[in-house]
Amino acid sequence: MDQRKCECGHTNPIGTLLCESCGKPLDVILEEQTQFPDMRYEGMARRSQTYTRKVIDRVWNWFSSVKIAIGIIVVLLIASAVGTVFPQQPYIPVPVPTEADVARFYTETYGKLGMVYYGLGFHNLYSSWWFVTLLVMLGTSLVICSLDRVIPLYKALSNPRLNQHKSFLKGQKLYAEGLLPAGANQAELLGAAAQALRKKGYRIFSTERALLAEKGRFSRWGPYINHIGLILFLIGVLMRNIPGFFMDEYVWVREGQTVAIPETPYYVKNVNYHTEYWSESEMPEKLDLKGGVIPKSFQTDAVLYVNKNADLPGTKPDLFEVKSGPIVVNHPLEHESLYLYQSGVQEMQLGALNFDVIDQKNGDKMVGQIKMDLYNPPKEQDIGNGIKVRTLDYFPDFVIGSDGRPATKTNLPRNPMLALEIVGENGAAAEKMVYLQGSVITQKANSQYGLVIRKPDLIDITGLNVRMDKAVPLIYFGAFIFMVGVVIGLLWQHRRVWVQFQEDHVLLAGHTNKNWFGLRREVDGLIEQTKLPLAIEERTKA
Amino acid sequence: MNISNRTYIRVAVLGLLLVALVFALYSSFVKDPNAVKVGKAAPNFSLQQLNGPELALGDLRGKGVVLNFWGTWCEPCKKEMPALQQQYDQFKDKGLVVVGVNIGESPVAVEPFIKQFGVNFPILMDSESQITKLYRIGPIPSTFFISPEGEVKEIFLGQMNEAMITEKVTKILPK
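Here the protein sequences come in this chain order: X and A.
Residue numbering for the first sequence follows my numbering, beginning at 1 and increasing consecutively.
Residue numbering for the second sequence follows my numbering, beginning at 1001 and increasing consecutively.
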């Protein structure tokens, strides 16, 4: 005899636990109640268990296994944890221009372990091919596990079983059986039971001698809905790799400067930067700050431009203002999918030096003023009366080079040195002088012209984090769907009550996926109202 | 649903997931699709010359181009300058252009430096470091050897001497 054929005559696919037609357990000898099959998938054959002939089916079946899914999750968890042991490469605190420097950093900072860490490629763990592969495998497992279970489950639930085999009813955790008194009207009793259950919100399916009451079936879909959410989430994360979907850049902008935002046609101007501090009167109690201050807000007033001439990088931009406004921490400037966040500042940096040019042979009379922009010093300034100031040489970050000549350490004006030449009327009396570290040295001992150092222009340089993440709506939507699934699966239960008359016996069984207490109370109420001769047996397992 | 339909669906689902895998792996290997690489076209740009009009890289098609990113604060760049100038003198009649891109400095700082080394090849002023970012410049000097067709033939990080430059330049001279 075909093993899959139930005694009711229905042929079930291999792997079926409970007959699809009558619910009788198959291939299980019910010596003990604990052996009754799990009701999780209604005893349906998972589709993966059905056919294993082709390669595609074998792959499918491998991914369909929850054990494999748990394995993938465990490996991912362990790998993710390992990735946090030492910093990942992008977060190395010192500059590492070449691969050799990266290797040296891990070996020198963390010793042997660091060497192994680098050798195994853990310094770029989260973007490594095997980590990404595991993530996609998890996604695959999610899709296939869900498909493989939700389809048979949907089939089973959309075809409610009414005339179940006695052993199905007996196998349920909540089961009761009783002898009907002589002359009892079965139809009347069934009607009364149906009405009582309907009042409790049950949906009734019935035949002449059997009924099935069901409610909260949708809660069975909760886990699958939450898997859909997870898959959307994963797709969102994957989409970040599509060019133009994700960007994370950092730009430093001086006050008054307009800089290009890399990888975009946009420019941003820092109109003004301002740090606000808490005043003493705002503080609830007197604090001894020892002369210090507590910042209240960091704000950049910025203008965002779009460059209409962005085809050829480096050419003179043709800027159009698209947006302007303040950027405060946590309140970025938004334009379409572009976000500019306040995320750093260098305050009180040297921007320009100011000097008064004086005539030392004429009672130190001021003959003019000059401003030396340290980011782009003018070649020549005409200060009036035919007097010109020329910039001969400029070292923004002065140092004596290895060849003994003046040099610069960086291209930033941290320690500016300026070599100037003052040319008098009609090119007469050209005098050279040097500014360095707050003093002016003149070439000639008794020169005609001198420089008086005035207060320099101090500027703030704001650090803006420019981000774009077009996948965020999908990621949030995925998270929302995930939550909907969790709520559906958590707060509702799929409750079913079967009532059946077999000859002069009445059989009652109940099943729920959780909250057995609630189901028990409803069944107790049913028995009380309908006066069915039933005593519920206490069992431990469904 | 019959068995063959089921197989088609399985193939479709697994195929879709395979595409996702390939895409994920591709993007994990190619972290920066816009990075300048050997064998790819050198991104075109145009910058103001130190003492002259704007110069676009694209205008130098037909010539071998040595694109050198440098700064006056960089000692190896300083040491490399005479070698670059010497090679430029030697090969400019054979179709070589050396282009120095100065990173974010002012003309006032660059001009005396150029005069000191007697450099007469074009110096472009990348005042906002825009092209430096476009070419993903890390350590300097960084030098790109670009063929007459505009293709990057070699990228060299660090200081070069005359012999090294000669060896690399001969590969990019127009035939």
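Every residue, glycine too, gets a C-beta built ideally from N, C-alpha and C.
It should be emphasised that the depicted structure is a prediction, and the values quoted were computed from it without experimental measurement.
Contacts that residue i makes with chain X (C-beta to C-beta distance below 7 Å)
i, result
"Gly1095(A)", "Result: empty, since nearest Cβ-Cβ is about 24 Å, beyond 7 Å."
"Lys1133(A)", "Pro262"
"Thr1072(A)", "Thr408"
"Phe1045(A)", "Leu312, Pro313, Gly314"
Euclidean distance between Cα positions of residue i and residue j
i, j, result
"Gln33(X)", "Asn513(X)", "Because Gln33(X) sits at a pLDDT of 48, beneath the cut-off of 50, its placement in the model cannot be relied upon, and the following sentence gives the value as read from the coordinates. Using only the alpha carbons, I get a separation of about 18 Å."
"Ser219(X)", "Thr133(X)", "32 Å"
"Phe482(X)", "Leu230(X)", "6 Å"
"Asn354(X)", "Val1119(A)", "32 Å"
"Met372(X)", "Glu347(X)", "19 Å"
"Ile1155(A)", "Val1038(A)", "7 Å"
"Trp278(X)", "Leu125(X)", "43 Å"
"Ile1137(A)", "Phe1069(A)", "8 Å"
"Gln529(X)", "Gln186(X)", "15 Å"
"Tyr110(X)", "Val85(X)", "11 Å"
"Val136(X)", "Lys470(X)", "20 Å"
"Asn515(X)", "Gln172(X)", "15 Å"
"Lys379(X)", "Tyr250(X)", "32 Å"
"Gln448(X)", "Pro416(X)", "24 Å"
"Lys432(X)", "Ser439(X)", "14 Å"
"Phe501(X)", "Ile72(X)", "49 Å"
"Ala196(X)", "Leu180(X)", "19 Å"
"Val1030(A)", "Gly401(X)", "40 Å"
"Asn307(X)", "Leu340(X)", "17 Å"
Sub-8 Å separation of residue i and residue j beta-carbons
i, j, result
"Pro1082(A)", "Gln1159(A)", "no"
"Val452(X)", "Ile358(X)", "yes"
"Gln493(X)", "Gly222(X)", "no"
"Val499(X)", "Leu174(X)", "no"
"Asp301(X)", "Pro326(X)", "yes"
"Gly390(X)", "Leu420(X)", "Looking at the sequence provided, one finds Arg at residue 390(X) rather than Gly. Yes, these two residues count as a Cβ contact at 8 Å."
"Glu7(X)", "His505(X)", "no"
"Leu519(X)", "Lys166(X)", "no"
"Glu42(X)", "Leu157(X)", "yes"
"Thr1132(A)", "Glu1105(A)", "no"
"Thr462(X)", "Gly450(X)", "no"
Nonlocal neighbours in the same chain, by C-beta distance under 8 Å from residue i, ignoring five residues either side
i, result
"Asn309(X)", "Thr315, Lys316, Pro317, Asp318"
"Gln1087(A)", "Val1066, Leu1096, Val1098, Glu1162, Ile1165, Thr1166, Val1169"
"Lys112(X)", "none"
"Ile68(X)", "Trp62, Ser141"
"Val1152(A)", "Val1036, Lys1037, Val1038, Gly1039, Lys1040, Ala1041, Ala1042, Phe1144, Phe1145, Ile1146"
"Lys155(X)", "Met44"
"Arg240(X)", "Phe246, Asp469, Ala471"
"Glu31(X)", "With a pLDDT of 48 at Glu31(X), under the threshold of 50, the modelled position of this residue cannot be trusted, and the question is left open."
Under 7 Å from the C-beta of residue i: neighbouring residues of chain A
i, result
"Ser402(X)", "Glu1075"
"Gly485(X)", "By Cβ distance, chain A contributes nothing, its closest Cβ being about 20 Å from Gly485(X), past 7 Å."
"Lys215(X)", "By Cβ distance, chain A contributes nothing, its closest Cβ being about 29 Å from Lys215(X), past 7 Å."
"Pro396(X)", "Ala1109"
"Pro243(X)", "Pro1033"
One or two residues paired with residue i in a DSSP bridge
i, result
"Gln502(X)", "His505(X)"
"Leu319(X)", "Asn307(X)"
"Ile441(X)", "Val434(X)"
"Arg254(X)", "Ile461(X)"
"Ile1146(A)", "Val1065(A), Val1152(A)"
"Leu338(X)", "His335(X), Met468(X)"
"Pro406(X)", "Ile400(X)"
"Phe298(X)", "Thr275(X)"
"Ala1041(A)", "Glu1151(A)"
"Ser1046(A)", "Ala1056(A)"
"Asp356(X)", "Gln369(X), Val452(X)"
"Asp1126(A)", "Ile1103(A)"
Contacts that residue i makes with chain A (C-beta to C-beta distance below 8 Å)
i, result
"Lys155(X)", "Ordered by position in chain A, no residue passes the 8 Å Cβ test against Lys155(X), which lies about 10 Å from the chain."
"Pro93(X)", "Per Cβ cutoff of 8 Å: no residues; Pro93(X) is ~16 Å from chain A at best."
Proximal chain X residues relative to residue i, where beta-carbon distance stays under 9 Å
i, result
"Thr1143(A)", "None at all; the shortest Cβ gap to chain X is about 15 Å."
"Ala1035(A)", "Residues of chain X passing the Cβ test: none, with the nearest at roughly 12 Å."
"Pro1112(A)", "Leu392, Asp393, Tyr394, Ala419"
"Leu1060(A)", "In chain order: nothing, as chain X lies at least about 14 Å away."
Cutoff 7 Å; reference residue i; Cβ partners in own chain excluding five residues on either side
i, result
"Gly121(X)", "Ser128"
"Ile144(X)", "Trp60, Phe63, Ser64"
"Asp248(X)", "Arg467"
"Ile235(X)", "Leu474"
Cut-off 6 Å between Cβ atoms - residues of its own chain near residue i, not counting five sequence neighbours on either side
i, result
"Gly1058(A)", "Asn1044"
"Thr410(X)", "Asp397"
Residues that residue i contacts on chain A, provided the C-beta gap is smaller than 9 Å
i, result
"Thr300(X)", "Result: empty, since nearest Cβ-Cβ is about 18 Å, beyond 9 Å."
Chain X residues whose Cβ lies nearer than 8 Å to that of residue i
i, result
"Gly1104(A)", "Asn411"
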